[in-house]
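Under the numbering used here, the first residue of the sequence shown is numbered 27, with each subsequent residue one higher. Using N, Cα and C, we set each Cβ at its ideal position, and we do this for glycine too. Just so it is clear, the structure is predicted and the values come from calculations on it, not from any experiment. Below is one structure, written out as structure tokens; the observations come after it.
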Amino acid sequence: GNMYEFITTALAFVVLIYLVCAVRFGMRWLGLGVTLILTVGLGLAVTQFYVEVAPLMPALHSAWFIFHIIAACAAGAAFNVGAIAAVLFLIRERAERRAAEGGAEITGYLAKLPSSARLDLFSYRMHAFGVPLWTFVIVAGAIWAQYAWGRFWDWDPKETWSFITWLVYVAYLHARATAGWRGRPVAIIAVIGVVTFWFNFVGVNLLFNGMHSYSGI
Numbered sequence: 027g028n029m030y031e032f033i034t035t036a037l038a039f040v041v042l043i044y045l046v047c048a049v050r051f052g053m054r055w056l057g058l059g060v061t062l063i064l065t066v067g068l069g070l071a072v073t074q075f076y077v078e079v080a081p082l083m084p085a086l087h088s089a090w091f092i093f094h095i096i097a098a099c100a101a102g103a104a105f106n107v108g109a110i111a112a113v114l115f116l117i118r119e120r121a122e123r124r125a126a127e128g129g130a131e132i133t134g135y136l137a138k139l140p141s142s143a144r145l146d147l148f149s150y151r152m153h154a155f156g157v158p159l160w161t162f163v164i165v166a167g168a169i170w171a172q173y174a175w176g177r178f179w180d181w182d183p184k185e186t187w188s189f190i191t192w193l194v195y196v197a198y199l200h201a202r203a204t205a206g207w208r209g210r211p212v213a214i215i216a217v218i219g220v221v222t223f224w225f226n227f228v229g230v231n232l233l234f235n236g237m238h239s240y241s242g243i
């Protein structure tokens, strides 16, 4: 396992979600954001994180490792697609307000987007799909850690930031379900969440040493 493999696998899940949304639901408007994420992600993977294929260390020979990684990539894909919708919501919602106030008409790419309300709902559904998966990531990682290193949790930097990421996204769902937040406030939380996710996914490996140093950085 290394960062090159993790990033490319996560991006493959992003593409899979996009294809399902585009083919089945006609959401081709996601393509621009997905292309941007793929360009940046693959660029980093190829230029910064590529390493030669090597056998896995013994601690990684576990079915829990496979479940942990697949769930992390799937959850990350959902968070990224949800964040694309959140950013597009912020842009579209601003354009709608300006048009309602007698400003410029909505034209071009923005006119092809769904309404801000639909973008907000789609973003929520992506995050509602991703949060249970991310919860499983943490639980599966803890079980795997018990088998591999004899402890469920040790506040390793990756563990800590995985938990912080989980807190941000749980706050997102809680804000919608309990406080009734909609629109701009939760869209901003979604953007904070995806930044936290990518810092955990990449930044932690670059800045900290820990049990996840097997990732090839």
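Whole-angstrom distance between residue 116 and residue 95, CA atom to CA atom: Residue 95 sits at position 69 when you count from the first residue of the sequence shown. Residue 116 sits at position 90 when you count from the first residue of the sequence shown. Straight-line Cα distance between these residues: approximately 31 Å.
Alpha helix (DSSP H) segments (min. 4 residues) lying fully within the region 147 to 210: 183 to 203
Residue range of the alpha helix (DSSP H) that includes residue 91: Counting from 1 along the sequence shown, the entry for residue 91 is found at position 65. Unbroken alpha helix (DSSP H) run through residue 91: 89 to 126.
Straight-line Cα distance separating residue 33 from residue 42: Counted from its first residue, the sequence shown places residue 42 at position 16. Counted from its first residue, the sequence shown places residue 33 at position 7. One C-alpha to the other measures close to 14 Å.
Closest by C-alpha distance to residue 167, when choosing among 157, 179, 156 and 158: Against the sequence shown, residue 167 aligns to sequence position 141. Cα-wise, what sits closest to residue 167 is 179.
Sub-8 Å separation of residue 102 and residue 149 beta-carbons: Start at 1 with the first residue of the sequence shown, and residue 102 comes out as number 76. Start at 1 with the first residue of the sequence shown, and residue 149 comes out as number 123. Cβ atoms of residue 102 and residue 149: not closer than 8 Å.
Rounded separation between residue 243 and residue 190 - CA only: Against the sequence shown, residue 243 aligns to sequence position 217. Against the sequence shown, residue 190 aligns to sequence position 164. For residue 243, the predicted structure reports a pLDDT of 49, less than 50, and the residue's modelled location is therefore unreliable. A value from the coordinates is still provided. Rounded to the nearest angstrom, the two C-alpha atoms are 22 Å apart.
Boundaries (first-last residue) of the alpha helix (DSSP H) holding residue 34: Mapped onto the sequence shown, residue 34 falls at position 8. Looking at the DSSP string, the run of the alpha helix (DSSP H) that includes residue 34 is 29 to 51.
Per-residue DSSP class, three states only, for residue 139: Taking the first residue of the sequence shown as 1, we reach residue 139 at position 113. Residue 139 falls in the coil class under three-state DSSP.
Chain-order list of residues whose beta-carbon lies under 7 Å from that of residue 112 (same chain, five-residue window excluded): For the purposes of this step, residue 112 is taken as the residue at position 86 of the sequence shown. 149, 213, 216 and 217.
Where the alpha helix (DSSP H) containing residue 73 begins and where it ends: Along the sequence shown, one-based indexing puts residue 73 at 47. Its alpha helix (DSSP H) spans residues 57 to 73.
First through last residue of the alpha helix (DSSP H) which encompasses residue 230: Taking the first residue of the sequence shown as position 1, residue 230 is located at position 204. Counting along the chain, the alpha helix (DSSP H) containing residue 230 begins and ends at 230 to 233.
Collapsed DSSP secondary structure at residue 213 in the structure displayed: The sequence position of residue 213 within the sequence shown is 187, counting from 1. It is helical.
Rounded separation between residue 57 and residue 234 - CA only: Translated into positions along the sequence shown, residue 57 becomes position 31. Translated into positions along the sequence shown, residue 234 becomes position 208. Going from the Cα of residue 57 to the Cα of residue 234 covers about 34 Å.
Beta-carbon proximity list for residue 46, same chain, < 7 Å, skipping 5 on both sides: Counting from one through the sequence shown, the residue named residue 46 turns up at place 20. Nothing listed; no residue qualifies.
Within 8 Å, strictly: CB atoms of residue 142 and residue 119: Position 116 of the sequence shown, counting from 1, holds the residue named residue 142. Position 93 of the sequence shown, counting from 1, holds the residue named residue 119. Closer than 8 Å, so yes.
Beta-carbon contacts of residue 138 that lie in its chain and below 8 Å, excluding the five residues immediately before and after: Taking the sequence shown and counting its residues from 1, the one referred to as residue 138 is at position 112. Taken in chain order, the residues that qualify are 55.
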